[in-house]
Every structure is written in structure tokens, then in C-alpha cells.
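When we follow the working numbering, the leftmost residue of the sequence shown carries the number 29, and every step to the right adds one. Here the structure comes first, spelled out in C-alpha cells, and everything after it is commentary.
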Amino acid sequence: MIRRLFRRGSKAPLGLAGLLSITLFFAGLMASSLAVDKPRVVQRLRHGKLVLHYEQSSNATEAKIWLLALVPVGILLAVAVLAMLWRRGGLYVVSAAAIAMSLLLPRHLDAWTARHTRRFPIGVDLISDSSSSNLASRGEWEQNARDTVISLAHWTIGIAIAAAVIVVGLALLRRVSPRQAFIAAPPPVVTGEPEASPVLGAVEGESRLVRRGLAGRLFGGGR
């Protein structure tokens, strides 16, 4: 069934979904990082006191972030495969699905940003702001990630709308432009006397001579 779908169905929806998946994936990656990422907190004894030490997130957390980022892409590609059955309207379906996911993705972005900032009290670089080797202040990365998600979502929506507008324009152009009818050339007009074949003329001449000679033998034998 899948082979038959790829042979007969239009591949344009799948191509558009592949293009939209690029921006959608990176938007989902930043959003899932804000929602899921958290450091490992280790208690260490220093000068007789327990001190909290923050380390980078675990491999399981990193894998979860990447898998969650692939969820919107997987949904969009699944919609594109089904949209291949609808030849003319498949591109509209893919564009609508991409726009819907781009609008839903930043829905809880502010809450994820605030929670991520609380999880990293000294910043994502795990270095205190007072240190000279500090690379990112507390909350700075979260704000940049939030703005990136919104920007990529807007780009996805813009590409989806542009694709739909192009499809509508091409459809209207096909309807408005007149179709040139194919007119067959008329058959050649034959004028004058028909041409006689030389072979046919020779055969007719011989037959006449034979008939005359045979008649002379039958009726004029006495001459």
C-alpha cells in the first residue's frame, strides 16, 4: 500500500513537509530544552557543610529533549504522507498542519522559560555571575531560547502561507489562461487529372495487344 501511495500520489506535500520540518525541528528543540532540561544536583561536603553542586544534565535527559523535538516533525511528515492521497489539496493540508503546530508550540513558553531559569540558579554555564569566567548570566540563555522559538515559529508560518499562496496562484493561472486547441491540418487538395502509374499503363497496353491479336486470329483468319 505504501509503494502504491508513493507511485500514484503526489510527492509535493512530502517535499513541503520536509522543508517546513527544518525550522519546526529547531523550534521544537529549543522549546523542549526549556521544558525538560535540568541539571544534576549533587550534595558535597565542603568545610563541614553540605554544598549543592550543579552538573550538566544527564544523557537520559538529553535523549528525551531530542526525542521530544522530533515529535512535531513526525506528526507533520505523517500528515504529509496521508495528504499525498489528495493531489490538489495535499499542500493545503500540510501548510495548515505546520501553522497549527507553530501556534501551539510557544503556548507554554513563558512558563517553561521561568521554570528553566529556576532549575539553573547560576546560569546554564553552571558558573556564578560573580565569576570572571562567567559566559551567560542567569536567565540570559532562557530569554534567547524563548525568542528563538518564537522567531522560528513565525518563519514556519510564513513559509507555509507562502506555499499555499503559490499553489492558489498557480491554480488560478491554469483556470484563467485559455487552452490552445489542437487543430489538425486539412488533407491536401487534389487538382487536375490523376496521374497514371507507368507500370499500370504498360500492363494495360499489353492486354490490349493480346486482345486484338486474339480477335484477329479468330475472326480474320481468312485474310
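From the three backbone atoms N, C-alpha and C, an ideal C-beta is built for every residue, glycine too.
Tell me the DSSP secondary structure of R203 in three-state form.
Of the three classes helix, strand and coil, the one that applies to R203 here is helix, per DSSP.
For the alpha helix (DSSP H) that P255 lies in, which residues bound it at each end?
With the chain covering 29 to 251 only, the question about residue 255 has no answer from this structure.
Range of the contiguous alpha helix (DSSP H) that encloses M129
Looking at the DSSP string, the run of the alpha helix (DSSP H) that includes M129 is 118 to 132.
Close beta carbons around F210, own chain, < 8 Å, minus the five adjacent residues each side
Only weak support is given to the placement of F210: the predicted model assigns it a pLDDT of 49, under 50, and the question is left unresolved by the model.
Find out if the Cβ-Cβ distance for the pair P67, L200 is shorter than 9 Å.
No, these two residues do not count as a Cβ contact at 9 Å.
Does DSSP classify V99 as helix, strand or coil?
DSSP places V99 in helix when its eight states are reduced to three.
Taking the alpha helix (DSSP H) that H144 falls in, what are its first and last residues?
Per DSSP, H144 is one residue of the alpha helix (DSSP H) stretching across 137 to 147.
Quick one: Cα of S60 to Cα of G46, how far?
Cα-Cα distance, rounded: 20 Å.
Which of helix, strand or coil does DSSP assign to R68?
Strand at R68.
Might you give, ordered along the chain, the residues of its own chain that have their beta carbon closer than 6 Å to the beta carbon of M58, omitting 5 neighbours on each side?
Within the same chain, A173, T176, V177 come within 6 Å of M58 by CB-CB distance, once the 5 residues on both sides are set aside.
CB contact flag (L42, M129, <9 Å):
Their beta carbons are not under 9 Å apart, which means L42 does not touch M129 by this criterion.
So what does K92 bridge to, in DSSP terms?
According to DSSP, K92 bridges with nothing at all.
With 16 other Cβ atoms within 10 Å as the buried cut-off, status of A139:
It is exposed - the Cβ of A139 has fewer than 16 other Cβ atoms within 10 Å.
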